[in-house]
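These protein sequences, in sequence, are chains Y and V.
When you read off a place in the first sequence, starting at 1, and then add 930, the result is the number in the working numbering.
When you read off a place in the second sequence, starting at 1, and then add 930, the result is the number in the working numbering.
We treat Cβ as the ideally placed atom computed from N, Cα and C, and that holds for glycine.
Below: the structure, in structure tokens.
There are 2 protein chains.
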Amino acid sequence: MTTRSPLNENNDCPAEGLLKMLSGRWKAQILRLAIMEGPLRFNSLLRQLPGSNKQSVSVALKELEESGIIARTLINPKPLHIEYTLTEKGKGLIPVFKQIETLL
Amino acid sequence: MTTRSPLNENNDCPAEGLLKMLSGRWKAQILRLAIMEGPLRFNSLLRQLPGSNKQSVSVALKELEESGIIARTLINPKPLHIEYTLTEKGKGLIPVFKQIETLL
DNA sequence: ACAATAAGTCAGAAAAGAATGACTACCCGG
DNA sequence: CCGGGTAGTCATTCTTTTCTGACTTATTGT
């Protein structure tokens, strides 16, 4: 049994794992907002992503969470308040984003 | 009319453009082979991508070419010989791939 | 009491992406 | 002439992704 890192599951192309994690129409933009603006809230996020819809954003957030890139935190149950923030792993992607910006 | 860079067409999220260019099941692997092994030939590529098929690889190559990441060159018409190589823009992606590898 | 906000879920439809198998055209070696 | 290699295209089907609209549960403000 070969041990593989989370970004390299079941293949030998490192970029492919990351690309899969960030695939889909909304994940890159969600991540950018998380990097630029800090904690995100669901409805606010929806309003900041023109053309998006609850379902797709909900799925994107869930997948990013499953990938360990963002975390969902219940801030307050009483007036319901949930926040999505970058995990340490998520913060590790910042240099990659920066590197990409140098290409522009 | 606003001028936009090729990696940033019609949006303000730099990673999104790149992600779109590299989206799909085969592009990352094709790029990896182009980076690691140099010039690629169609049938050789097919053999190196288990589970792939002509159609999908053909489309992937065409899209990478349209993105200006690889170039299709006719080496010899007589015994038909075509090569796919990284363009300068394509080579610009190598640091990004390297950066991703540091995450593993 | 009523409307609005928060954070979603669910079923179904539509659109996009990927795979299949057949087919083309040309060349090379035996 | 036949088999195999090069480099694909085309139409159709299958699968995955994305979107739409209705519905949920609970709280706050007027």
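Next on the checklist: With distance defined between alpha-carbon atoms, name the residue in V:Thr1015, V:Val1026, V:Gly1022 nearest to Phe972 of chain V.
Outcome noted: Counted from its first residue, the second sequence places residue 972 of chain V at position 42. Measuring from the Cα of Phe972 of chain V, the nearest candidate turns out to be V:Thr1015.
Checklist entry - For the region 1011-1029 of chain V, which residues have a CB atom closer than 8 Å to at least one CB atom of chain Y, in sequence order? => result Gly1022, Leu1023, Pro1025, Val1026, Phe1027, Gln1029
Checklist entry - Secondary structure at Thr1015 of chain Y, three-state DSSP: helix, strand or coil? => result Counted from its first residue, the first sequence places residue 1015 of chain Y at position 85. Of the three classes helix, strand and coil, the one that applies to Thr1015 of chain Y here is strand, per DSSP.
Next on the checklist: According to DSSP, is Phe1027 of chain V part of a helix, a strand, or is it coil?
Outcome noted: As a first step, residue 1027 of chain V must be located in the second sequence, where it is residue number 97. Helix at Phe1027 of chain V.
Item to check | As assigned by DSSP and simplified to three states, the class of Asn973 of chain Y | outcome: The sequence position of residue 973 of chain Y within the first sequence is 43, counting from 1. Of the three classes helix, strand and coil, the one that applies to Asn973 of chain Y here is helix, per DSSP.
Next on the checklist: Applying the 10 Å Cβ sphere with the 16-neighbour rule, what's the burial state of Met951 of chain Y?
Outcome noted: Counting from 1 along the first sequence, the entry for residue 951 of chain Y is found at position 21. Classification of Met951 of chain Y: buried, given that the 10 Å Cβ count is 16 or more.
Next on the checklist: For Ile960 of chain V and Leu975 of chain V, which I take to be in contact (beta-carbon distance under 8 Å), what is that distance rounded to the nearest angstrom?
Outcome noted: Numbered from its first residue, the second sequence carries residue 960 of chain V at position 30. Numbered from its first residue, the second sequence carries residue 975 of chain V at position 45. With 8 Å as the limit, Ile960 of chain V and Leu975 of chain V qualify as a contact, their Cβ atoms being about 7 Å apart.
Item to check | For Ile1000 of chain V: DSSP bridge partner residues | outcome: Counting from 1 along the second sequence, the entry for residue 1000 of chain V is found at position 70. For Ile1000 of chain V, which the question treats as bridged, DSSP gives the partners V:Leu1016.
Checklist entry - Does any CB atom of chain V fall closer than 8 Å to the CB of Ala958 of chain Y? => result Here residue 958 of chain Y corresponds to residue number 28 of the first sequence, with the count starting at 1. Yes, Ala958 of chain Y counts as interfacial toward chain V.
Next on the checklist: Quick check: is the beta carbon of Leu970 of chain V nearer than 8 Å to any beta carbon in chain Y?
Outcome noted: Here residue 970 of chain V corresponds to residue number 40 of the second sequence, with the count starting at 1. Leu970 of chain V does not count as touching chain Y.
Checklist entry - Would you say the region 1011-1029 of chain Y touches the region 989-1003 of chain Y, given that touching needs at least three Cβ pairs under 8 Å? => result yes
Item to check | Close-in-space but distant-in-sequence residues of the same chain around Asn938 of chain V (CB under 8 Å, 5 per side omitted) | outcome: Position 8 of the second sequence holds residue 938 of chain V. A caution first: Asn938 of chain V carries a pLDDT of 48, below 50, which makes its placement in the model unreliable, though a value can still be read off. Same-chain partners within the cutoff: Pro944, Gly947.
Next on the checklist: Taking DSSP's pairing of strands, which residues face Asn1006 of chain Y in a bridge?
Outcome noted: Residue numbering aside, residue 1006 of chain Y sits at position 76 when the first sequence is read from its first letter. DSSP output for Asn1006 of chain Y lists Y:His1011 as bridge partner(s).
Checklist entry - How would you list, in chain order, the residues of chain V whose beta-carbon sits under 8 Å from the beta-carbon of Ser953 of chain Y? => result Residue numbering aside, residue 953 of chain Y sits at position 23 when the first sequence is read from its first letter. Those are Leu949, Ser953, listed as they occur along chain V.
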